[in-house]
Every structure is written in structure tokens, then in C-alpha cells.
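Trainee:
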Amino acid sequence: MLRPGRMIRGMEETPAAPGPEHKEADPHAFNPKVTRFRVRGLNAYYGAKQVLFDVQMDIGAGEITAMIGPSGCGKSTFLRNLNRINETVSGARTEGEILLDDQNIMRMDVSALRRRVGMVFQRPNPFPKSIFDNVAYGLRINGYKKNLSESVEHSLRRAALWEEVKDQLHKSATALSGGQQQRLCIARALAVDPEVLLLDEPCSALDPVTTAKIEELLVQLKQTCTIVIVTHNMQQAARVSDFTAFLLEGRLIEYQATPKLFTNPADPRTEAYITGRFG
Amino acid sequence: MSTVSGNESAAAFPGAAGRAFGRRFWDFAGWSICGLAFVLLGGAMLWIMAMVLLRGFHALTIEVLTHVTEGYAGGLLNAIEGTLILGVGGILLALPPGLAAGIYMAEFDNGRLAPTIRFLADVLVGVPSIVIGYFGYVTMVVAFGWKFSVAAGSIALAIISLPYICRTTEMAIRQVPRSLREAAYALGASEGQVATGVYLPVALPGVLTGVLLALAISVGETAPLLYTAGWSNYLWTGHLTNEPVGYLTYAIWAFITEPFAGAHALAYAAALLVTVFVLIISILSRLFVK
């Protein structure tokens, strides 16, 4: 079943996964960008191998920015530099400037940065603790002084998981299904009230129904949170994001409003990728 | 589809019968060698166990467990107590540096320090325990003036246990999936918080196994204690220095060569007790492996 109006050149909507309403190119839907992240001259290396070449990008507040590109193009590396989690990988090195609200993140306290910029990983990775303790972990380590239970409930509601687990908060998180675990990881990341949420292919290990739920979730979340999502699934990027960046072999090829990128890309390489000529 | 008949394809491979015989021969030879090796090793182990159990069993009377040694007779209570004190003391001393070094090597493997520590730990494992005893004697017993003491003996055992605790802690922490650590870091945890909250709880069984392994080795050590703890016929009075203590392995070493049947009995009893301790420790460590 093809839905009229959603036909994008070269791509059909997958019938099994209805997504949230796709924004047409309405200028009023995008506020003048308040820039959250300013990335300048980003070069990243793993040992001697360079994986990002002089990437320059502005990420807007209150928007969903998608990063697409073939495997190995550096999109995950880029994302991981935004909250400096790449520093935990031995041999990883970064040059360049990343500013979060005009503060250089390399000079910030890294724990404070990571509380403001949360991350959800590709495979759900809940701690082997109870559901409650998972969500409360971030609160506890950051010295949260107020009511823990209220905050945990609020985060689980934001992640659309509360109704399913409210009676079993003390059950082990590893007993949940994959989709529930991923939503738990989102709740855990949201618990510390981040300004930015980074998601690294969050739905790649999940079924289409759960994927749809999470996509709905992200669209709701962007009202309170800036979202950057790396995805392998171009339809997902088209469904969910306001802006899309296309990377190829470590270079930013094109970065613009999603409807424009998918219907009328400026660069021939972008067009080749989105029409499936290479993957 | 034509099927090639057995005879036709066999013609392409002459000498098959000879090769089959060769294969069967070497197969049999290989299995025989394995069987022989098993018999030798298993037999040797059974022989040792049998000797310790049979002779030790006869010698292990209630008196042995409740009285202290008097010359070459009496009991082994002082030795049992000494072994436990020295063993546990050695572990307690080795735990903090061992844990710290293990965590460091697993988490901060970025420069040259971690491989250096790893190398030194491996070298330390290879140092003969009598050399460690000699070192303990020269420094602690003589130079520090501690004489034969619990302090010197515990420190000597701690030096022996340290590399085992270090390496097993590192291995156990490396087993914790990287994804869990990343999740914790991504929430703003500091290294200390990630260590205590995330991977120590998960790595704990492995760490405990290492500790128990080190304890089992300490219980069986003789040479280092000969030069640091000395021997005493009395129970420990609580002094860390200037007071020697007894330990089971001394009884084995010293009493077996004496021309008294009573001394031999004590030696066998001590051997049985050491074996039983190591057995209990091994069983305990199995309980921790999930």
C-alpha cells in the first residue's frame, strides 16, 4: 500500500511500519534555528586511521537531525564525539572544535557534559539491576536530591514504558523484551533531563512495530530535547527528522532540510545513495 | 545424473588398503599414548592422594586438632591457627594493591604503564618462593628488626599472592561487556562510579575466584614462611612482630625426616589438613562461578 503524498523519488513507504506525520516543506514549521551544537573542523582518528575529515555542521535546538550514510562513513564516530564518549575507546583521537551553546565541550567537565547530552546505543544495554535502579542510576550518580520515585515515573512515562512496567519496577531489566529494554534505555537517558539526546541506530535491533513506537516517541520528545539520530534506514530519516546530514567516507556531503534532501538533493552522490544505487 | 560406481572411483586412488591400515595404526598409537599419559598422571595423583588420606587419616586424632605442638608430639592447633592467620593476612594485604592494579590495567590500558605492570606481575609469578622468603628475611626479619613474625610472614605471602589477584581481577573486569560501561559513562558517571557501580558487581565472582586461588597457594607455601615466620609451639599471642608462629607446612617439612613415629604422624596429619583446606577453597570458588 502506497500512501499518496509520501512517495519520494526512488523510495516506497514500507507498508508494515506507519510512521508519524511527515512534515512537508512548511517554512513555519521550522523556527529560525537556535543552534545547539556548532561543529567546526572536526577530524577524528582511530590510531593512525582518519575517519572524519573536516566536518562542519550546526545542529539546531528542538529539532530532530538525522545522520545517514553507508556503513563505515563515520556517522557513529561523529555522534560519539558530541558527548565525548569516544574518549573511552583507546586509540581514539579528535581534533577540531565542538561548541555546545557556545561552550567548547573539550574544556567542560566531561561528566557535566554527558549529563546534558545523553546517549542511547544501538543494542539495548540496561544494567543488570532492577528497572527502577536502571532509571535511577543516572540520578543517583549525579547527586539528585529530590524525590527519586517521582522522577523515575516521569522518565518512564516520557519513554512510553510506564504503563507496561509500573507494577514490576523491581523486576530485573534484563527480563524485558528488546523493545522494552531500548525504551528503558531511553528512559534512563531522559532521567537526568538532558538538553540533547543522541541515538545511535536505536531501532536497528528492533521489530517494525516497536520501531514505530520509538519514532513516535522521538517526535514528541523533540519539544523538550534536541535529538540527533544516526540511522541506516533512510525511510526512518525521512519520516522522523527535520534535518538530514549525509556522510560519505568521513566527509559531510550534504546537510539540509529533510524534505529537500530527499526530493531534490543538491549533490549527485546524495541522490545516488538515497535512490539505492549504493548502500 | 550418472552415479560413478564404487569400483570406478576407487581405481583413481590406488593403495587405499595400505593407507587404511596406516591410519588405523596411528589412530591406535595416538589413543594409546593419550591413555598412557592419563594413567600416569591420574595414577600419580591418586597415589599421592591415597597416601595422604590413608596415613593422615590415622594420624588425625582429636588431640591433634585441639592441642599445640610439644616438641615432636602433641597437636597441630598452633599450626592450623598460624596457617589461617598468615593466609588471611597475606590476602588482606594483597587485596587493595591487587584490585587497584587489576582495575587500572583493565580500564586504563592506554599508555605504557598497564603493559609494564602486566609484565612485572608475570615476572613476579615466576620468582621462586624461596627467593621471596630470602628477601623477606634480609629486609623484614633482620634489617627492620621484626624477627620471625606474623607481619613478615603475611607480607611474604602477600607478595606471592599479588600477581594472581592482579591478573584475575583484570580478566574478570575485561569480561564485563563494553556496552555496560559505555552506558554508565554516557550518563555522566566518573571512572570511580563506573568501577564501583557497574563493573565490580558484575566482575565480583571472577575477582573472588582469584582471591581464593591466591589463598589456596598461600596455604601450601613453605619456603617463604621458613624465613619469615619461623616456627612456634604456641598459639599466637597477637603480636605482629617479634613473635614467630607455626604453620602446617612446617610440620610437614620438619617432622617427616625425624626418626620418631609420632613426628611422622603429625606430618601426615598436617599434609591431610593442608589438602583438606585446599579442597574446601576449591569447592568455595566453584560456588562463585555462575
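Sequences listed follow chains E and L, in order.
Under this note's numbering, think of the first position of the first sequence as 1, with each following residue one higher.
Under this note's numbering, think of the first position of the second sequence as 1001, with each following residue one higher.
Built from N, CA and C at the ideal position, the CB exists for glycine as well.
1) Just mark Asp1122/L as buried or exposed, buried being the case when its beta carbon has 16 or more other beta carbons within 10 Å.
2) Would you say Gly178/E reaches chain L, if we count a Cβ-Cβ gap shorter than 9 Å as a contact?
3) Nearest-angstrom Cα distance between Trp1231/L and Ile1281/L?
4) Whose C-beta lies closer than 6 Å to the C-beta of Thr1222/L among residues of the same chain, with five residues either side of it excluded?
5) Would you mind telling me which residues of chain L sit closer than 7 Å to Asn83/E, beta carbon to beta carbon, in chain order?
6) Enumerate in chain order the residues of its own chain whose CB-to-CB distance from Arg183/E is below 6 Å, with the five nearest sequence positions on each side excluded.
7) For the segment 154 to 181 of chain E, which residues have a beta carbon sitting closer than 8 Å to at least one beta carbon of chain L?
8) Note down the Cα distance separating Val1125/L from Leu1215/L, rounded to an integer number of angstroms.
9) Which bits of chain L does Arg115/E rub up against, with CB to CB less than 9 Å?
10) Measuring straight from C-alpha to C-alpha, what distance separates Ala16/E and Cys1166/L?
11) Could you list the residues in the segment 83 to 111 of chain E with a C-beta less than 7 Å from some C-beta on chain L, going in chain order?
12) Identify whether Glu1243/L lies in helix, strand or coil by the three-state DSSP scheme.
13) Rounded to the nearest angstrom, how far is the Cβ of Glu63/E from that of Lys222/E, given a contact under 8 Å?
14) Ordered along the chain, which non-local residues of its own chain (more than five positions away) have a Cβ less than 7 Å from that of Glu24/E?
15) Against chain L, does Ala272/E count as a neighbour if the rule is that its beta carbon must be under 9 Å from one of theirs?
16) Rounded to the nearest angstrom, what separates Thr1168/L and Gly1102/L at their Cα positions?
17) When you compare the CB of Ile141/E with every CB in chain B, is at least one pair closer than 9 Å?
18) Under 7 Å Cβ to Cβ from Ile1132/L, same chain only, skipping five residues before and after it: list those, please.
19) Taking 9 Å as the threshold (beta carbon to beta carbon), is Pro1097/L in contact with chain E?
20) Do you know offhand how far Trp1146/L's Cα is from Ala1152/L's?
21) If you follow the alpha helix (DSSP H) that Met108/E is part of, which residue opens it and which one closes it?
22) Is the beta carbon of Ile68/E less than 9 Å from the beta carbon of Thr244/E?
23) Can you tell me the Cα-Cα spacing of Val219/E and Val240/E, whole angstroms?
Mentor: Reading from the atomic positions:
1) For the purposes of this step, residue 1122/L is taken as the residue at position 122 of the second sequence. With fewer than 16 neighbouring CB atoms inside 10 Å of its own CB, Asp1122/L falls in the exposed class.
2) Position 178 of the first sequence, counting from 1, holds the residue named residue 178/E. Chain L contact via Cβ: absent.
3) Taking the second sequence and counting its residues from 1, one reaches residue 1231/L at position 231. Taking the second sequence and counting its residues from 1, one reaches residue 1281/L at position 281. In a straight line, the C-alpha of Trp1231/L is about 25 Å away from that of Ile1281/L.
4) As a first step, residue 1222/L is located in the second sequence; it is residue number 222 there, counting from the start. Contacts found: Thr1249 and Trp1253.
5) Within the first sequence, the letter at position 83 stands for residue 83/E. Ordered by position in chain L, the residues that pass the 7 Å Cβ test against Asn83/E are Ala1186.
6) Your numbering for residue 183/E matches position 183 in the first sequence. For Arg183/E, where only same-chain residues beyond five positions count, the Cβ hits under 6 Å are Ala159 and Leu161.
7) none
8) Here residue 1125/L refers to the residue found at position 125 when the second sequence is read from its first residue. Here residue 1215/L refers to the residue found at position 215 when the second sequence is read from its first residue. Their Cα atoms are separated by approximately 15 Å.
9) Position 115 of the first sequence, counting from 1, holds the residue named residue 115/E. In chain order: Leu1187 and Gly1188.
10) Numbered from its first residue, the first sequence carries residue 16/E at position 16. Numbered from its first residue, the second sequence carries residue 1166/L at position 166. With a pLDDT of 39 at Ala16/E, under the threshold of 50, the modelled position of this residue cannot be trusted; read the value that follows with caution. Going from the Cα of Ala16/E to the Cα of Cys1166/L covers about 53 Å.
11) Asn83, Ile85, Thr88, Ser90 and Ser111
12) Numbered from its first residue, the second sequence carries residue 1243/L at position 243. It is coil, neither helix nor strand.
13) Residue numbering aside, residue 63/E sits at position 63 when the first sequence is read from its first letter. Residue numbering aside, residue 222/E sits at position 222 when the first sequence is read from its first letter. Glu63/E to Lys222/E, Cβ: 6 Å. Contact.
14) As a working mapping, residue 24/E is identified with position 24 in the first sequence. Per-residue confidence for Glu24/E stands at a pLDDT of 38, beneath the threshold of 50, marking its modelled position as unreliable; no derived number is given.
15) Here the question's residue 272/E lines up with position 272 in the first sequence. Taking Cβ atoms only, chain L never reaches closer than 9 Å to Ala272/E, which makes this a no.
16) Here residue 1168/L refers to the residue found at position 168 of the second sequence. Here residue 1102/L refers to the residue found at position 102 of the second sequence. Each residue's alpha carbon lies about 8 Å from the other.
17) Absent from the structure: chain B. Protein chains present are E and L.
18) In the second sequence, counting from the first residue as 1, residue 1132/L sits at position 132. If we look at Ile1132/L and ignore the five residues flanking it on each side, its Cβ neighbours are Ala1156, Ile1159, Ile1160 and Pro1224.
19) Along the second sequence, read from residue 1 onward, the residue named residue 1097/L stands at position 97. Output row for Pro1097/L: interface = no.
20) Mapped onto the second sequence, residue 1146/L falls at position 146. Mapped onto the second sequence, residue 1152/L falls at position 152. Between Trp1146/L and Ala1152/L, the C-alpha separation is close to 7 Å.
21) As a working mapping, residue 108/E is identified with position 108 in the first sequence. Here Met108/E belongs to no alpha helix (DSSP H), and DSSP marks it neither H nor E.
22) For this step, residue 68/E is matched to residue 68 along the first sequence. For this step, residue 244/E is matched to residue 244 along the first sequence. The answer is yes: Cβ separation under 9 Å.
23) The count along the first sequence starts at 1 and reaches residue 219/E at position 219. The count along the first sequence starts at 1 and reaches residue 240/E at position 240. If I take the Cα positions, the gap works out to 7 Å.
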